[in-house]
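Structure record follows, encoded as structure tokens.
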Amino acid sequence: MKNIKSLIATVITLTVILFSMQSCYTPDPLYGKWADNQGNSINFVSDGTYNADINIQGTKVSYSGDWTVIENVLIFSFSDGGSINTEWDINGSMLKLTWTPKDGSDTVTLTLYHIVK
Numbered sequence: 003m004k005n006i007k008s009l010i011a012t013v014i015t016l017t018v019i020l021f022s023m024q025s026c027y028t029p030d031p032l033y034g035k036w037a038d039n040q041g042n043s044i045n046f047v048s049d050g051t052y053n054a055d056i057n058i059q060g061t062k063v064s065y066s067g068d069w070t071v072i073e074n075v076l077i078f079s080f081s082d083g084g085s086i087n088t089e090w091d092i093n094g095s096m097l098k099l100t101w102t103p104k105d106g107s108d109t110v111t112l113t114l115y116h117i118v119k
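Take a look at the structure:
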């Protein structure tokens with residue numbers, strides 16, 4: 003009888019912990035659309051996909067694919083193959099990162115503003 007009470011107490015405790023952990027879920031701060039006044043924008047979707055328009059040497063280039071975050075590294079995988087890794091930082095509603103074009107041209111330093119959550 004003592005073992006059953008102990009087992010029930012353990013199950014209840016674990017259930018309470020599990021529900022409290024789920025209720026503390028915080029969405030990723032990157033979700034939503036980020037843009038600047040130079041035509042650059044990145045839309046991070048909660049399903050792990052993104053769409054980006056990056057102004058590279060005066061030409062708007064569109065990208066799409068999947069994104070992943072590992073600590074302060076943001077990984078953009080392109081839907082047509084390849085990927086780039088970049089460090090990122092958020093300060094309030096400003097996102098800073100460096101975009102490396104697939105064609106190997108000069109990198110683009112971006113400071114984007116969170117315009118849509």
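Heads up: take any position in the sequence shown, counting from 1, add 2, and you land on this note's numbering.
The beta carbon of each residue, even a glycine, is placed where N, CA and C say it ideally should be.
(message) Just to confirm before moving on: does the CB-CB distance between residue 62 and residue 118 stay below 8 Å?
(response) no
(request) Given a cut-off of 8 Å, decide if residue 112 and residue 76 are closer than it, judged by their beta-carbon atoms. (result) No, the Cβ-Cβ distance between residue 76 and residue 112 is not below 8 Å.
(request) Using the Cα positions of residue 101 and residue 65, report the straight-line distance between them to the nearest angstrom. (result) 11 Å
(request) Could you tell me if residue 33 is buried or exposed, where buried requires 16 or more neighbouring beta carbons within 10 angstroms of its beta carbon? (result) exposed
(request) Could you give the DSSP three-state label for residue 45: helix, strand or coil? (result) strand
(message) With H, G and I counted as helix, E and B as strand and the rest as coil, what does DSSP make of residue 5?
(response) Helix, per DSSP.
(request) Name the one or two DSSP bridge partners that residue 68 has. (result) Partner(s): 51 and 79.
(message) Considering only their Cβ atoms, is the gap separating residue 45 from residue 52 smaller than 8 Å?
(response) Taking 8 Å as the Cβ cut-off, residue 52 and residue 45 qualify as a contacting pair.
(message) Taking the straight line between their C-alpha atoms, what separation do you get for residue 87 and residue 74?
(response) 10 Å
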